[in-house]
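Report on the structure given below.
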Amino acid sequence: MANTATVDELGHSPEVRGKNYLNQTAGVWSWLTTVDHKRIGIMYLVSVLVGFGLGGIFALLVRLELLTAKKTIMDASQYNQAFTLHGAAMVFLFIIPSIPASLGNFFLPLMIGAKDVAFPRLNLLSLYLYWIGAIFMLAAIVTGGVDTGWTFYVPYASGVSTTSVISATFGVFVMGFSSILTGLNFIVTLHKLRAPGMSWYRMPLFLWSLYATSIIQVLATPVLGITLLLLIFERAFHIGIFDPTLGGDPVLFQHFFWFYSHPAVYIMILPGMGVATEILATNSQRRVFGYKAIAFSSVAIALVSFLVWGHHMFVSGQSELSSAIFSFLTFFVAIPSGVKMFNWLGTLWGGSIRFTVPMLYGIAFLFLFGIGGLTGLFLGMLSVDLHLHDTYFVVAHFHYVMMGSTAIAFFGGLHHWWPKMTGKMYDEKLARVGFALTFIGFNWTFFTQFILGTRGMPRRYYNYLDQYQPLHAFSTYGSWVLGLGFLITFICLARSLKTGAPAPANPWDSATLEWQTQSPPITENFEKAPIVTLDAYERPAEETA
Amino acid sequence: MSAKAEALGGAEETKLSPQFHVAHHFDKADTQFDAGRMGVWLFLVTEILLFGGLFCAFAIFRSKYFPSFVEAHHHLDRVMGGINTIVLISSSFTMALAVRSAQKNEKKKTTLLLAITLACAAMFLVVKYFEYSHKIHDGLLPGGNFTAADFASGHPGIFFAIYFMMTGIHGVHVVIGMGLILWILLRNQKNEFSSRYYAPVENVGLYWHLVDLVWIYLFPLLYLVG
């Protein structure tokens, strides 16, 4: 894409070859004190994968418990802790930082031809804050667990629960700062550090989605911060703001919480959409259809995300007028989402499609996001939601969005950029097996839950009526296939580090800038600062064609 | 900034801010300066949203428990609040002058102005300390801790919950601000700032103005309006 003045075909002088960001310096200390966005991205990657593993273990335990209608392996209070920790670990340790902080940190500067993010030390601070928050959350697990659900609803969380709510919420509070600092860093980097010729409309669409994500992180997360701070003070000192016996208002907590946590859903999904766009463009071998439509739909989703939080509260006692307005506004989310969907399909149309491993994830994303997005419309409709609220239909819906879309896009992106990050190719056959089991296991587990939900099975119940048992058992079997799929994927990726073939600079023949430097990149990213002369996804060959 | 730097001439320029160099990932000093300032403005936006939650809670509970809020706000000391308002506005003024003197290479003046700003911040906290101990003594405390007698209305504890949360978080910002001002004061003593490089002074100044601004909203809302 960029016309870098080349020394050899990769743009590197001979003495540079052999040196890269991984072997430039050695030792644990050189990693812990690094300000290189690539190393920070890798450390984030390892951290969020540990969070994912932790959340995954709790998920398997929850599913195992639900195999039978009464007690299977744990008692009721342990079950409450298991689903709370599954949710909290997956949301705060994994999904929120997953794509932006790992893949985003690594590739945002590379994709705009910069040497680093605008504030490298702040970037490292953000990682440390994430670790500190995670330690508080882990401390909560060992010192009594948390059983409030990941939403920490009051008055249960502020008074009734006897578990370590303060430690867990303080951990989330600290991790919020990490998220804010990453978002702030990305916004400034995109404004100030684009390479010469890299105009806004030449940026890969992944960066537009990260820009929109960063706006939400900066604007929404502080509200979560003050909400959790008030919750901590409520629990520790009974200040009364959320306590109805002192005149406080528990519904206010829900408003505050969802004012962050609904936009946070788009912190989770927007980067996934961006990754999917990169994968689909690379593997269709053509330019993205409707570039500006996809770019602006990301920003539109970010803006609309702030106006719809009340749809989580249709049965919480907010006024019917508010509910009707929130329901109406919720449907606006469908417009930019639909714009994206049709432009992705337009990109595939007429492309010469290669079914590489990342592309399998990319296409799975389209299917699963389609299902997750459309079932969201059911729930946004006031009259339907009154029946489906707090049932497994909701559980299935948000797993199709968070896991089926974001996590699948994350793993697609991991396979897409793995050669660039590690310099190694993975075993494609094994990766395909891992993908297939993940995809089958995911639908097996969660499509079943749509049916459970429409039949009236409420979420978070420990004991349930016998009539639901066959479907619950079926869903649990699916979770084992899903777990096996991820296990194989991890083994495949880990094995490639030892035995993988060296990766070429551009194994997928992609048009974006990060593939124009060696794999893995040198510490300074590019041997010679790139000058961009082509549009996004435009190949030099196209000029003559 | 760059025009000024050029006007100074090469030899003199190297004498100023010897420690300063442009970080490797910026193309020039101007870009680095702009990026830093943009980062601080974005940070200030997050601060406004943080306080925004509390302002929102204030508005909701004030409309819900209007008589309690009117009754409770008479127990705040308007004189002390007024003194603190004047103190903070003055400190914002000296901070702005300190940025200007840093830009003009007037090192001693910068140190003096920063010291005055620091003294004002300390005075603010001393006055706040007397206000808080008075409230604690009278049992004018948040929610479940409220023990003051002879209140006619139902929920004064909610007013004091919001009062202590808002002024408390603001107070924490004042303490952090004092740390930051002290930090740039010491750096100024080490000759690190000049017309070529004064970004930290300006950025701490921006933060300090926000701390002042938040108080300018808190004072009338909590102390004055009935």
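In order, the protein sequences belong to chains Y and R.
Counting in the UniProt record's numbering, the first sequence runs from 1 upward without gaps.
Counting in the UniProt record's numbering, the second sequence runs from 1 upward without gaps.
Note that CB positions come from ideal geometry on N, CA and C, so glycine has one too.
Asked, Found
"At least three beta-carbon pairs within less than 8 Å, the region 402–411 of chain Y to the region 257–276 of chain Y", "yes"
"Three-state secondary structure assigned by DSSP to Val-532(Y)", "strand"
"Close Cβ partners of Arg-539(Y) (< 7 Å) along its chain, the five nearest in sequence each way excluded", "Ala-511"
"Residues bridged to Ile-522(Y) (per DSSP)", "Asn-525(Y)"
"Counterpart residues of Pro-458(Y) in DSSP-defined beta bridges", "Thr-391(Y)"
"Cβ shell of Tyr-44(Y) (< 8 Å), same chain only, five flanking positions each side left out", "Pro-97, Ala-101, Ser-102, Asn-105, Leu-127 and Tyr-130"
"Collapsed DSSP secondary structure at Pro-502(Y) in the structure displayed", "strand"
"Contact list for the region 19–48 of chain R against chain Y, Cβ threshold 9 Å", "Ala-23, His-24, His-25, Phe-26, Asp-27, Thr-31, Gln-32, Asp-34, Ala-35, Gly-36, Met-38, Gly-39, Leu-42, Phe-43, Val-45, Thr-46, Glu-47 and Ile-48"
"CB of Phe-393(Y) within 7 Å of CB of Val-384(Y), strictly", "no"
"Pairwise C-alpha distance: Leu-430(Y) and Asp-27(R)", "44 Å"
"Phe-256(Y) at chain R interface by Cβ criterion, 7 Å", "yes"
"Where Gly-179(R) falls, given that 16 or more other Cβ within 10 Å makes a residue buried", "exposed"
"One or two residues paired with Lys-424(Y) in a DSSP bridge", "Pro-502(Y)"
"CA-to-CA distance, Val-357(Y) to Thr-489(Y), given in whole angstroms", "11 Å"
"Positions along the region 126–160 of chain R whose CB lies within less than 7 Å of some CB in chain Y", "Pro-142, Gly-143, Gly-144, Asn-145, Gly-154, His-155, Gly-157 and Ile-158"
"Cβ of Lys-115(Y) within 7 Å of any chain R Cβ", "yes"
"Residue from His-74(R), Asn-105(R) and Ile-86(R) with nearest C-alpha to Arg-196(R)", "Asn-105(R)"
"Same chain, Cβ closer than 8 Å to Tyr-211(Y), five either side skipped, listed in chain order", "Phe-186, Ile-187, Leu-190, Ser-298 and Val-299"
"Proximity test, Cβ basis, 7 Å: Ile-216(Y) and chain R", "no"
"Rounded straight-line distance, which links the Cα of Gly-36(R) to that of Ala-334(Y)", "37 Å"
"7 Å Cβ cutoff met for His-389(Y) and Val-315(Y)", "yes"
"Proximity winner among Gly-53(R), Lys-190(R) and Ser-91(R), relative to Gly-177(R) (alpha-carbon distances)", "Ser-91(R)"
"Inter-residue spacing [alpha-carbon to alpha-carbon] between Phe-439(Y) and Gly-351(Y)", "24 Å"
"For Thr-454(Y), the nearest candidate out of Lys-420(Y), Asp-509(Y), His-416(Y) and His-387(Y) (CA to CA)", "His-387(Y)"
"Pair within 7 Å by beta-carbon distance, Trp-208(Y) and Ala-118(Y)", "no"
"At least three beta-carbon pairs within less than 8 Å, the region 526–538 of chain Y to the region 194–201 of chain Y", "yes"
"Proximity test, Cβ basis, 7 Å: Gly-53(R) and chain Y", "yes"
"Where residue 554(Y) meets chain R, residues with beta-carbon distance less than 9 Å", "The structure shown does not extend to residue 554(Y), since chain Y is modelled only from 1 through 545, so no value can be given for it."
"Three-state secondary structure assigned by DSSP to Ser-316(Y)", "coil"
"Chain-order list of residues whose beta-carbon lies under 7 Å from that of Asn-443(Y) (same chain, five-residue window excluded)", "none"
"Whole-angstrom distance between Phe-237(Y) and His-75(R), CA atom to CA atom", "21 Å"
"Any non-hydrogen atom of the ligand SAH closer than 6 Å to Leu-379(Y) Cβ", "Absence of the ligand SAH is noted for the structure shown, with no ligands found whatsoever."
"Cβ shell of Val-35(Y) (< 6 Å), same chain only, five flanking positions each side left out", "Pro-120, Arg-121 and Leu-124"
"Member of Leu-125(R), Lys-190(R), Thr-94(R) and Ala-122(R) whose CA lies at the smallest distance from the CA of Leu-112(R)", "Thr-94(R)"
"Three-way DSSP call (helix, strand, coil) for Lys-135(R) in this model", "helix"
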